[in-house]
Structure formats: C-alpha cells, structure tokens
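Chains as they are written, first to last, in the UniProt record's numbering: chain D, 1 to 230; chain R, 1 to 230; chain P, 1 to 230; chain L, 1 to 230; chain B, 1 to 230; chain E, 1 to 230. Structure, as structure tokens:
Number of protein chains: 6
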Amino acid sequence: MAPATYFLLVSFLALVTSQAIASDPSPLQDFCVDDIHSPDMHALTLMKVSGFVCKDPMAVNADDFFKAANLDKPSDTMKSKVGSNVMQFPGLNTLGISLARIDYAPLGQNSPHTHPRATEIITVLEGTFHVRFVTSNTDNGNKLFAKVLNKGDVFVFPQGVIHFQFNPIRDKPVVAIAALSSQNPGAITIANAVFGSKPPISGDVLAKAFQVQKGTIDWLQAQFRENNHY
Amino acid sequence: MAPATYFLLVSFLALVTSQAIASDPSPLQDFCVDDIHSPDMHALTLMKVSGFVCKDPMAVNADDFFKAANLDKPSDTMKSKVGSNVMQFPGLNTLGISLARIDYAPLGQNSPHTHPRATEIITVLEGTFHVRFVTSNTDNGNKLFAKVLNKGDVFVFPQGVIHFQFNPIRDKPVVAIAALSSQNPGAITIANAVFGSKPPISGDVLAKAFQVQKGTIDWLQAQFRENNHY
Amino acid sequence: MAPATYFLLVSFLALVTSQAIASDPSPLQDFCVDDIHSPDMHALTLMKVSGFVCKDPMAVNADDFFKAANLDKPSDTMKSKVGSNVMQFPGLNTLGISLARIDYAPLGQNSPHTHPRATEIITVLEGTFHVRFVTSNTDNGNKLFAKVLNKGDVFVFPQGVIHFQFNPIRDKPVVAIAALSSQNPGAITIANAVFGSKPPISGDVLAKAFQVQKGTIDWLQAQFRENNHY
Amino acid sequence: MAPATYFLLVSFLALVTSQAIASDPSPLQDFCVDDIHSPDMHALTLMKVSGFVCKDPMAVNADDFFKAANLDKPSDTMKSKVGSNVMQFPGLNTLGISLARIDYAPLGQNSPHTHPRATEIITVLEGTFHVRFVTSNTDNGNKLFAKVLNKGDVFVFPQGVIHFQFNPIRDKPVVAIAALSSQNPGAITIANAVFGSKPPISGDVLAKAFQVQKGTIDWLQAQFRENNHY
Amino acid sequence: MAPATYFLLVSFLALVTSQAIASDPSPLQDFCVDDIHSPDMHALTLMKVSGFVCKDPMAVNADDFFKAANLDKPSDTMKSKVGSNVMQFPGLNTLGISLARIDYAPLGQNSPHTHPRATEIITVLEGTFHVRFVTSNTDNGNKLFAKVLNKGDVFVFPQGVIHFQFNPIRDKPVVAIAALSSQNPGAITIANAVFGSKPPISGDVLAKAFQVQKGTIDWLQAQFRENNHY
Amino acid sequence: MAPATYFLLVSFLALVTSQAIASDPSPLQDFCVDDIHSPDMHALTLMKVSGFVCKDPMAVNADDFFKAANLDKPSDTMKSKVGSNVMQFPGLNTLGISLARIDYAPLGQNSPHTHPRATEIITVLEGTFHVRFVTSNTDNGNKLFAKVLNKGDVFVFPQGVIHFQFNPIRDKPVVAIAALSSQNPGAITIANAVFGSKPPISGDVLAKAFQVQKGTIDWLQAQFRENNHY
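See the structure below:
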C-alpha cells in the first residue's frame, strides 16, 4: 500500500474517533453512510477498524439504512450477538444508536461486562431471563440490582455499570432485543479482561485484588490461556 | 399551591430542560431515577411535565429500571405507541435512550412525522411493513427512501427527517420495536401541526405553500377541526 | 479521478459530519477555514458537499472571515435567502453560527419549514411582517404562536419547530436579518417534502394522514410535479 | 427570606450553570421560558443572576419570544449594547443563541474584549467601520486580522479571541447587528479586567507583563480608579 | 424534614446529574461554587450526594477555589486517595476536572478498576512504580499495556479501560499526582464489584464467567464478606 | 508536495478541529494515538499543526501513553511550560486532558493570560507562590481572587478567566503541576496579544481603551517590538 494511501486510511481512524467523541445526534447532513463497499475498506478491515468514509450522497439508497435478519434463525448461543452496530450497519454512522438481537441457549448467559460508551435498554421477545447490574464504588456502592423479565418486559442498564443476563431455564431459549445509545458501544468482558489479557496480569497483583493465594490466580489464568474464546 | 411550592415545581421544568440539553450519556452518578411517586409529581403532571426529581439513591431498586409490558396484548392500533420514554419510565432519566413497541392494524399507518431529538432504529417482530423517509432541502433533496421490512429486519431513520411506516396487508397486523436515541425524542405529526394547529394557520399562507386554492385548505382544516385525534 | 483522490475527498464528507456533530463551539485552534479555493473543491462541489478542508493557517487572512453583501440590492423575493452559512462563507467552519439576510416581496412569504439543527433569531430592518410557529405533539401541542414584527423588533423560533413568516402588505417589501445557531442549520420545507418528494409519497398514505380523498392528494402532488421550485 | 426559599433560589443558580454547560441546542421540550415576572425573581436579581425558572408551559405565549426595539432610536454610544441575551429575553433560555444591536457614535469604539462562550457574527446596517481580532499564542500567534466593513457586509470573530471594532468617521454613526452562539456569551473587556480589577493587580506583576516601569502601571490603574465605567 | 424541603433537596440530585451530563466546560457564569457550608447540605450528605447548590456569587471568595494539602504527610497507603473531586472541593463544580494525590506504601497497589467518566493522566513525584491497562474486547482486545514510571514521568489511562498501578519496591513508598477529566470521575473496583457485591452475584454465573468450580467462587465471595474494605 | 498529499494533510487540520470541538471524553475506540513518527508529520509540523493521524492500533504500545520527564531538571524559568499537551504527547489525542510541569525562578511569574478551552487545576510541589484570577464583566465583575499556595496546596482557575501566578521569593524557585481539561487548552497572553500583535493594534484604539495618551501606547508597543519573547 502506497504511503499516501496508508495515511489516507489512517485518517479514517481519526474520523472514527472524532465522530464518536461527538455524542450530539445532529450531523451536518441528513446522513453520512459508511462506505464499506469500497476497495480500501479491505485494508481498513485488516487494520481492524471500520472506515467511516461517507459514501457519495448521490449513491446512497434505502439499502444503506436496512439490515436483513431472520428472527427465526437463532444466532450463536451462550453469548450476546450485537446485530447492528456501525461496524455491521453502515447507515448508523454518526446517528448515535445501535441495536442487537440476543439469543440465550437453555442455561446460557451473557457474562459480567460493561459498555463504556452506552446505556442499554433490553426487551424480551421469547422466554424468561434474569438481569443484573452492580453500582459503582461509594459508601453504598457495589449494590446488586436484580430482576426477572418475561416476554415483553423492558429493563435498562445505566451506562458504564457492570451488568449481565442469564437464562435459568433448562429447556427453553431466550430471545431479546437490546438497543444501545451509541453507534459503537464497546464492551469489556470482566473475566476475560482480568484473567485472559495478553500478556497476563501479574499474579501477585490479582492475588491481592481478589484476596486469594497466587496459586488460585495462576490456575484461573491457565483456564483462560487454554480455552480463550471472545 | 403555595408560591414556595410553585417555584420548587417550576424549577423541575428547568431541570427537565437542562438534563435534555446534555446529550452526553455519562451522568455524575450511576443513575438519577425520576421520582414519579412523590406527591408533588401530581402537581407537575397537571403542569404537563414529568418532574425528573431524583429519588433518594438509597430508595432506588430494580423496579425503577423495569417496565412490564405484554407483547401478546397489542396496543391501540393505527398509530404508534411509545412504550417507554422517560415520561413513562423513571429509570431512563438522564440515560439518553428510549424504546417503543408499535402495533399496526391491517392497513394501519404511522403518518409522516419527525422526531426533533432522536434517530430511530426499528425492527420487525411480526408481519411485513413499509418504511419511508424524505431527505431535507438541497439541490437533490426531498428524496424519498423506501423499503419493505419482514420479520427480523432492521431499518434506521436519521434524526430530524420526515418519515412514516404503514402496513399494506389487509388481514395481518404488524408488531415492531423502535429504539430512539433520546430519553424524550419528541414528535411532530406533519398533517396535524400544519392543518390542525390551534388556532389554525392562515389559509392564504397554506394555499401558497401547497399551491392550491384557499377553498381546499379551508376544507382540509375543517376535517381536522371535526375529527382531531392526537 | 483516481481512487486515492476519491477517498481523500469522501473523507471530507465524514469531516463535515464529525464537525457538525460537535455542537461545542470551542475548536482546537482559533479557526479552521474551509478551503473552497482549492482545485479539489470542484470535485467536492460536484459531490454536492462543501469540503471543510482547513486552509493552511499561514495562508488564512481577514477576507476568510468576511462576506460582502449589499443591503440596498434586495435578494430574490418570495423566499428566504440564507446569505452566509458555511457553504457560502468558509470562515464559519466549526464556529457554530450562521446569518441570513431575508427579503420578502409585497405579499411574499417563507412557507412552513423546520431547521433540524438550529434555533433562529430574527430582527426586522424594514417593513412589517408576521411570524408564526407551531409546537410539537403533546396533550396541548400543535399550538400556534403568532406575532406581528415592526422595524427593530426581535423574535426567536425554537429549534426544530415548524415556523413561517409572511409580508401581509400589498405595496411594501420586508427586509430582515436571521441568525441561526449552527454553521449549517438545514431546512425542510414541509409542503415540498410531503407533496413534492422524488419519487412521490403514496397517495393512500397522504389521504389518510391529511384526512382527504386520494384524488385531492393526486392533484396536490401534480401541482408540485409541474411547478416545483426549491 | 426563609432558608427553604433561599435554597430554592440558589438552586436556580445551579440551573443557570447546568443549562449553560450544555451547548447542545435541543432541549427536552420545545422551550423553557425564563419566568422573570415572578416575585422571587427580584430576590434573584439582588443575587445578580437571572432565574431561569421555566414558566408553566400553559402560560407561555408569543410575547415570550418577542422583544420590541426601535432601530430608529440609537442605544447609548461609544460601547456595544447586547440587546437580547437571556438576561433580557426570557424566550432565549436554553436555545443557544443571542442577538445584539450595536451603535457606534462618530469615532466611537468597542474596546478589545473576548466572549468566552461564543463566536460573534456581525453585519453592518449603517455606516462604515473597522473590525479586528488577534489570534492566540503560537509561533505565528498574536496575528492581527483587520477589515473595513460597509453597509451589508458580514464578519465573524472566532470564539475566545481578543477582538474590537471602531468607527473611524468623524461625523457619521455606525449601526450593526451582532449574533452570538450562546444564550449568554459573557464578555471580558481586557483593559478593565487588567487595570481596573477590584482590588487592583500588583503593579510589579503588570510592570513585568507589560515591560514598563511600575510608575506607568500605577498611573494606568489610577485612571481606572477615577473614571471606571463598565 | 418537610416534604417541600425534601423535594428541594432531591432536586439538587437532579442538578448533579444535569451538570455532569454536560461535559462542555463553559458554564453560563465564571463559576458555580457548591455551597457545602449550608445547613441543608448535611441532609444532602446523609443522602450521599453533594448538593451542587451554587453559593451566592457575592459570597464566593478565593478559598472556594483552594484546597490545602500537605505533601509531606502521606495519605493512607495501599489504595489511592482522590484528594480533590467535587465532593471535597466545591470550586470544581461544573469545571470538568479533578485532581488526586496518591500514596503507595512499599509493595502497595491500586487494584484493577475503571473510571467510567474520565481519562486519567498521572505523574510520579517520588519513587518508582508500575502502570498497566487492558484494552476492551475486539479480535485483538484485552491487550495489556505495561510501563515502569520513575520520578517525573507521565502516563495516561484512556477513559473506561481497566487499569491499575503498583509499587514493586519493598522499602520505598511512591507518591503520584493523578488528574482526571471530570469533576466526579467515578470508580468501579473490579474485584469488589464482582465478588463483593451486596447481595452477592450468583455463584453459578461467576463459575461460568471465570471458568472455575462454583466452590472456588463461593470461597472468593466469602473472603470479601469477611474483610470487605472499600 | 503533490496536491493529493497536500489535501490529505490539510484534512488533518480539520480533524484537529473536529476532535477538539467534541469535548465528550468517550471516543469510538479505546484510543486514537497521534502518529507523529510518520514522514508526513514533518510537513504537518511545518504547517504548525500536529497531525492527529491515528496510528494503526496494532502498532500502538505503552510508550505511546508515556512521557519521560525529569523533575530534578527544572524547565526554563520565568514562564510556564506545558509539558504534555497533545502536540507533545501523542497518546493524549481525543482524551480531553493535558498536564504541565511549571517552574518559576525566584521572582519569576506567569503573566496574565487565559486558556480559551480549559479549566486549570494546579498543585505546588516545591516553594510558595501566589495565584490570582479576575472575573468577567458584570455589575460586580472584574473582581480579583487571590491566594498564597504552599507545598501540596491545590487551586483551580475557571475556564476562560484571566489568571496569573508569581513567585514572590527572592531566593527560592517554585515547582508546580497544572492539569487542564482539554488535550490542547490554548493560551492568550494578554500583554503580548494587545501590545505585541503583528501588525500592531492602532494606538488611538488602545489609548481610548487604556485611558492614556497615545504616546504611552506607542512606547508600550515599542517595548514589545524590541524584546518580544513568547
């Protein structure tokens, strides 16, 4: 890739940021569709970032604001699947919102995690499941909020708090729709970030933090090295 | 109502505004739950504004972030029903998002309107329906974008543009979930605002704007005076 | 145009957006002047977007912040003329404001429209004219606010509401100055967007929305097809 | 004043701030009119702050968005008069813009100052005058930009930079309209803040800063003590 | 406490939020000092929130912007001490920044945590210590960044990422200054939130998340129940 | 430099702006490191702007978030030295904060100036020094706030106000750490901007503004022409 092109591409990374920094949902145009079909996007993908290059407005059409998905075909189970953030849905670029369809297998769960850039509001389409979040540090912090949701119920997870959901039923899946207040909410899965980081966090530090023997930490980290799946 | 109380209440109106102005989704606390169960809220409701008084954090519980809704019981048809904006869902206060469940009767529609404060992302739970939006004025503006959505499909309406949806099928309803990027998106239904305003807009102005005889305008406005339903 | 150049240009479209998203009026430099005199701008113009490429700060001079206009020479009548948004005034780029000089011929009007991205504050230089706006949907919504303005009077139209102005006098023009709280406020002229969209909105939908016979809608749309002027 | 009332009032000061902090121009309602006619406002005025208490929306009318001003009657000369910031125009509350009509007597000037919270865009209604601004510190900073404006000309002063205007003509006044991108732009008149502060700045510090003898500074400060006019 | 007063106070909680939501650092006045010395603040403190009631500007003095701290007297060791967020420093209210002085005893550490509302920039005054942060989930996420800092060195932790610091030296303390880009950054200590929440998180969920036997989780949670110190 | 490259570079200037405009501290990625080591950066430096090109995330490492500085080696005296704004510290890009280490020689001072884009919070590491700021124009404006700071003391300067610091001691230096709430706060040194601008401000204007004879102004400006040091 020629230097000129390279810098052109990396300038898009800056764009990603500058667009994201601005949480104000009124762009200077009606829309700025991410041009994912352009050849250079492949290079960007290799760079692990979506390009956020605006398509020529004259070439934009309704399909840019559309994403087909079959609710009858469950997505992979055990973990959430964000179905339409800006990485997968070019029309969301600069519009400050995203949507996910989530499937939970029987006894499946979405482990404790945070979304650093969005509040999440979730509604249940099928089944019964449990939602939880933990507040931040204060004299009364680290308080667990818990609720059971049935079909049609709605719940909101405030931005930044650690939260999780699980399907306690042995023989029925759960289907839910989650909307997030950012075109790219981000996610930090706690266990993976703390015990599965590359390279691993010092066992001495984690032993102190979790108030256990270093041996326990070593073993926890070993689990993640073996079967690490994000 | 004593002056003191009155000013206390109106100060809440200012709060509503100041909270809304801030589109940044990171509040200074984990949450600020709207205290709708307080006696003063009744007065506020009479004043046609939700209070946005934060509940004592120690009194907040999971139910504040929960809204029960039965997807099997359709909401009233022919028009959209925003099921959980901050007016109806105290936990959404300051969190920058809201969610609506929408039902369309056979041949029902959600007439052309705008949301001045939010982008809308919609997904279909049942049925088939048509979505449209029109871009703003430019040399190539007022362009209509159209798409047919089936179960599971997702579509996004950029903030501020005129948009609408309708169910073209004679014998099947449509159920959809819409998420909006504001705790209180607002709505302006074009026909009602232009032909049903109180008092009515001058017929001469509308005749020029719509390029018709004043008589046609008079008649259009008469329709709205008779069967005005918001 | 070589692919490299093309992507360079479209990256500017993204810039437009990212700059707009940010409504905060403090840029990282004193200014970022739109470089409209650069050759590539022609390509951008063909793409129907102003480039928002910052001029080399060393090349910026006072003329970049200046726009000549002759108040004695009226602009075209019957509709407003936004005299200095960022498309026409490079120095406004990133500065969060624009200014318009508006002329109304005798009996001229600025038809019902919205500015999705700005509040408008207007003052009368010559003549007498009428201003109106309609509030959004609520139990008490779609309320018409009306005022007559004389020379020197000031009026404000809140962001996003439908508003219009007209000169009721048969033999005197009106001259006004309007300031808007965005470098590119945008505009949606209601009648044109609803009855003049390309392609047209389904007559059945509009008939229901406006509570008239489909025939009336067909005829309204025909007017716009014939003498459409934006 | 009872403590309860006192705290109610001071809570308005916080409101002022919170509303101002948010530069996003889309409030949660169509408007939040400052209730300046309420009895408690007198107390607030004594506290040198406008209240920003929202009027009951049902009581709001077109006059709240209107300000009468007679362009034929010049305002006091020699210095600018901000004719409609939120302190004087309740309808501007939360709407992110303000407007000023400025009169310059023959040889009058608006001395070097900054607006910490707004960009200013100015247009000339009558006469000829000179505009200037100075850029901030950089290797090429503190550069003076200068322009002569005639009737109808427009000029923009970027937010935060030191700027000034003057009427060089011995026998003709200047009338201008200035719009600012904040409901309360604020102003810091350099000479008054540096040489007229209460208490005065140490003469030693100013002598070093301005590279003159302390005696010169003492004399400069004496001038301001005598005929201090803001 | 009378209902009226109660609602007055809770309205301050909303203020806290509205001020925080707005990350724009330009208030409508020069400052809005938190009035912590007012009687009602005691009630607010009981409610575990600082009041953010603006002091009468006429009563504000230099001490409101000042906080005495003796760098020779170390703060308590083993964990960080945020020395001047808005809870402890009234003048910071609405100004968008806070500062902490941090002491690490020999072998002391600040365990893995996130600041949901701020980037942290840290500089070392005395000693040598280690800083780490882990990136969020992506194909290449959960990457550990590590650095050793000596006296005078500066390091930045991007907002929202899990990070920690420790003093590896057996016989020398570390003193550091951390600045955060919010008047109230917030903190979530991972181990405490996950294993020390009240009530505890289901052992089954954590066993799956951390890929260990439920017995290990039970034991981890027991540690926290015994010697829980925030 | 080829046109293509030139426009690529200037697009970075726009990026600078768009990133700055957005004061919201949550980017769309964990970070966007300024790629200062790229060849094109030399050209950008000549253009007196840092590039804000994001490095390929895969190439980012801990050194990008690190800045070495030796607190034992004082920086140049008499004026402040901002040690780590984004121009000098690529990792700060988009993160909304910067840090400065400031040294004051005996009797040294940091002359009256403003930071248009940031609040400043300062803490003393060594010595005793004086801090001052002056409020903006109001009936009670241009008020001087003064405080003496000793080792460990903290003081905050609200955004946009004129402020300064000086070391009154004849034989001891002062060392301080200042954090600012922007990645690029900007600075306007009053005396230099008013009396040292290029070209100079008209003596007549300054004579009126400072209420002195034009001769005094001429002499003040002459001082700056001779020994101008920024």
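Cβ coordinates follow ideal geometry from the N, Cα and C atoms, glycine included.
Determine the extent of the beta strand (DSSP E) in which Leu206 (chain B) is found, giving its start and end residues.
Unbroken run through Leu206 (chain B) is the alpha helix (DSSP H), Gly203 to Phe210; no beta strand (DSSP E).
So the candidates are L:Thr119, L:Ala105 and L:Gln109; which of them puts its Cα closest to the Cα of Leu99 (chain L)?
L:Thr119
Which bits of chain R does Val156 (chain D) rub up against, with CB to CB less than 7 Å?
Simply Phe65, Gly91, Leu92 and Leu95.
Hey, out of L:Phe66, L:Val194, L:Val60 and L:Phe164, whose CA is closest to Gly152 (chain P)'s CA?
L:Phe66
With DSSP run on the structure shown, which of helix, strand or coil describes Gln165 (chain L)?
strand
Across which residues does DSSP place Glu120 (chain P) in a beta bridge pair?
According to DSSP, Glu120 (chain P) bridges with P:Phe157 and P:Leu180.
Can a CB atom of chain P be found closer than 9 Å to the CB of Lys198 (chain L)?
Not one beta carbon of chain P lies nearer than 9 Å to the beta carbon of Lys198 (chain L).
Is the segment 108-124 of chain R in contact with the segment 160-170 of chain R, if contact means three or more CB pairs nearer than 8 Å?
Counting Cβ pairs under 8 Å, three or more are found: they touch.
Hey, would you say residue 241 (chain P) sits closer than 9 Å to Leu149 (chain P), going by beta carbons?
Nothing can be reported for residue 241 (chain P), as the shown portion of chain P is limited to 1 through 230.
Should Asn192 (chain L) go down as buried or exposed, given a rule of 16 or more other Cβ atoms within 10 Å for buried?
buried
In chain L, which residues lie less than 7 Å from Thr123 (chain P) when you measure between Cβ atoms?
What Thr123 (chain P) touches in chain L: Leu99 and Ile177.
In three-state terms, what does DSSP make of Asp171 (chain B)?
coil
For Phe89 (chain D), which three-state DSSP category applies?
coil
From what residue to what residue does the alpha helix (DSSP H) around Phe145 (chain L) run?
Careful: Phe145 (chain L) lies outside any alpha helix (DSSP H), inside the beta strand (DSSP E) at Leu144 to Leu149.
Using alpha carbons as the reference points, say which of R:Asp218, R:Phe145 and R:Ala187 lies closest to Thr138 (chain P).
R:Ala187
Find the nearest neighbour of residue 280 (chain L) within the set L:Gln183, L:Arg225, L:Ile177 and L:Lys214, judged by alpha-carbon distance.
Examination of residue 280 (chain L) is not possible in this model, given that chain L is present from 1 through 230 alone.
Is there contact between the segment 203-223 of chain L and the segment 210-218 of chain E, where contact requires at least three CB pairs shorter than 8 Å?
yes
Over what stretch of residues does the beta strand (DSSP E) that includes Ile102 (chain L) continue unbroken?
Ser98 to Tyr104
Based on Cα-Cα distance, which residue from R:Pro173, R:Ser182, R:Lys172 and R:Ile102 lies nearest to Gln159 (chain R)?
When each option's Cα is compared against that of Gln159 (chain R), the closest is R:Ser182.
If we count the other Cβ atoms within 10 Å of its Cβ and call it buried at 16 or more, is residue 245 (chain D) buried or exposed?
Here chain D has residues from 1 to 230 only, and residue 245 (chain D) is not among them.
Between the Cα of Leu92 (chain D) and the Cα atoms of R:Leu144, R:Asp103, R:Pro90 and R:Ile122, which residue gives the shortest distance?
R:Ile122
Would you kindly check if the distance between the Cβ of Thr135 (chain R) and the Cβ of Lys143 (chain R) is under 9 Å?
yes
Does any residue of chain B bring its CB to less than 9 Å from the CB of residue 231 (chain D)?
Summary: the structure shown does not reach residue 231 (chain D), with chain D confined to residues 1 through 230, and so no result is reported for it.
Run down chain P in chain order and give the residues with a C-beta less than 7 Å from the C-beta of Phe166 (chain R).
Residues of chain P passing the Cβ test: Val205.
Distance, Cα to Cα, Asn140 (chain R) vs Val131 (chain P)?
28 Å
Using a Cβ cut-off of 9 Å (strictly closer), state whether Lys208 (chain P) contacts chain R.
Under the Cβ distance rule, Lys208 (chain P) counts among the residues neighbouring chain R, one pair being separated by less than 9 Å.
Take the Cβ of Arg170 (chain R) as the centre, count every other Cβ of all protein chains shown within 10 Å, and call the residue buried at 16 or more, exposed below.
exposed
Under the three-state reduction of DSSP, which class applies to Asn192 (chain B): helix, strand or coil?
helix
Under 9 Å between the Cβ atoms of Pro199 (chain L) and Asp103 (chain L)?
no
Return helix, strand or coil for Gln109 (chain E), following the three-state DSSP convention.
strand
Using the Cβ count rule (16 or more neighbours within 10 Å means buried), how would you classify Asp64 (chain B)?
buried
Determine the direct distance from the alpha carbon of Ile97 (chain D) to that of Leu180 (chain D), and round the result to whole angstroms.
6 Å
Determine whether the Cβ of Lys81 (chain D) lies closer than 9 Å to any Cβ atom of chain R.
Per-residue confidence for Lys81 (chain D) stands at a pLDDT of 43, beneath the threshold of 50, marking its modelled position as unreliable; no derived number is given.
Helix, strand or coil, according to DSSP, for Thr114 (chain P) in the structure here?
strand
Which of the three DSSP states is assigned to Leu220 (chain D) in this structure?
helix
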